[in-house]
């Protein structure tokens, strides 16, 4: 059964996702800390639990990646 909104009949009500695991300021703080340590950032990954992982190194250019059969 589809839940509908009382204020907007016929429109589905959005379920809450819960609290954010990290904030934009958390991410900015992590990037600033990496730059202060003179690290080049190859990638940034955010885990489902909110853990921010910064992968040091040189970012790979898209041109250097192997072509994908789905890119046509």
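Numbering (the numbering used here), first residue to last: 240 to 311.
All C-beta atoms, glycine included, are put in the ideal place defined by N, C-alpha and C.
Just so you know, these numbers come straight off a predicted model, no measurement behind them.
By alpha-carbon positions, which one of 266, 253, 293 ends up nearest to residue 277? 293
Considering only residues of the same chain and omitting the five flanking positions on each side of residue 269, which have a CB-CB separation below 7 angstroms? 291, 293
Which residue's Cα is closest to the Cα of residue 285: 295, 261, 255? 261
Run of the beta strand (DSSP E) containing residue 284, from where it starts to where it stops: 280-285
Give me the DSSP bridge partner(s) of residue 295. 280
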